[in-house]
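A.B. asks: Following this message is one structure expressed as structure tokens.
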Amino acid sequence: MIMPLVAFQRRIAGNTDIGQIYVSAAKGRPTALVESQIESLMRERRRLAQGAENDFNVRDMAEIAATMASTTGALAALLGAIAGVSLLVGGIGIMNIMLVSVTERTREIGIRKALGATKLTILTQFLAEAITLCLFGGVIGVAVGAGTAWTLRTSFGWTTVIVPSSIVTAFVFSGLVGVLFGVWPARRAARLDPIIALRYE
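Using the working numbering, read the sequence shown as starting at 511 and increasing by one per residue.
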């Protein structure tokens, strides 16, 4: 809605104060030049002596956008660091679980090797188990995230969007965690001596 300034001040604002003025620079004009010209004009109209501090602020939207971008980048870096620590802790947990599994199934590994299973077969088996565990955790994480987004949308009216690429990325990272932290337990199982493994109680 467009109305005369005086009518707005008299009918709506109830005063003659002007809190903000928005200025759009002409196409091709540098915003820094426009900003300095506005500052000079405001100092002249407000009769500020030379050397006196401004009693107003002139802000460039590009500076505000840059500030918001840096803030968003800092938040993204913080969230990335938190996600990295979470992946590390989760990976260590998967590795511990697999190491316990290898220890508990030492006799089983010995029997399989005695029946002709190769190191690659044992390695693939335990690596597949680690990846399956991580992908199962990824399924639970995606379900919890989607449920939280749905709850926020229905209960609080927030606008939430579930991007399919994020789900794919979550599963890819889950698989990578399974590979990275499952290699050591799988190699340990593959290198077991079948004779020693068969004697294990």
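Glycine included, C-beta positions come from ideal geometry on N, C-alpha and C.
If you drop the 5 nearest sequence neighbours on each side, which residues of the same chain put their C-beta closer than 6 Å to that of Val568?
C.D. replies: For the purposes of this step, residue 568 is identified with residue 58 of the sequence shown, where counting begins at 1. Taken in chain order, the residues that qualify are Glu545, Ile548, Glu549.
A.B. asks: Out of curiosity, what's the CA-to-CA distance linking Thr669 and Gly688?
C.D. replies: Residue numbering aside, residue 669 sits at position 159 when the sequence shown is read from its first letter. Residue numbering aside, residue 688 sits at position 178 when the sequence shown is read from its first letter. Thr669 and Gly688: Cα-Cα distance of roughly 33 Å.
A.B. asks: Measuring straight from C-alpha to C-alpha, what distance separates Thr634 and Ala640?
C.D. replies: As a position in the sequence shown, residue 634 is number 124, starting the count at 1. As a position in the sequence shown, residue 640 is number 130, starting the count at 1. Each residue's alpha carbon lies about 10 Å from the other.
A.B. asks: Measuring only the C-alpha atoms, how far is Gln526 from Phe518?
C.D. replies: Counted from its first residue, the sequence shown places residue 526 at position 16. Counted from its first residue, the sequence shown places residue 518 at position 8. For clarity, residue 526 is Thr in the given sequence; the question names Gln instead. Going from the Cα of Thr526 to the Cα of Phe518 covers about 9 Å.
A.B. asks: How about Gly685 and Leu645: do their beta carbons lie closer than 8 Å?
C.D. replies: Residue mapping note: residue 685 aligns to position 175 of the sequence shown, counting from 1. Residue mapping note: residue 645 aligns to position 135 of the sequence shown, counting from 1. Yes, they are a contact pair.
A.B. asks: Among the candidates Ile650, Lys623, Gly651, Ile672, whose CA atom is the shortest distance from the CA of Trp660?
C.D. replies: Taking the sequence shown and counting its residues from 1, one reaches residue 660 at position 150. Nearest option by C-alpha distance: Ile672.
A.B. asks: Determine the burial state of Arg622: buried for a count of at least 16 other Cβ atoms within 10 Å of its Cβ, exposed for fewer.
C.D. replies: Locating residue 622 in the sequence shown gives position 112, counting from the first residue. When all chains shown are included, Arg622 counts as buried.
A.B. asks: For Val599, count the other beta carbons within 10 Å of its own beta carbon; 16 or more makes it buried, fewer makes it exposed. Which is it?
C.D. replies: As a first step, residue 599 must be located in the sequence shown, where it is residue number 89. By the 10 Å Cβ count, Val599 comes out exposed.
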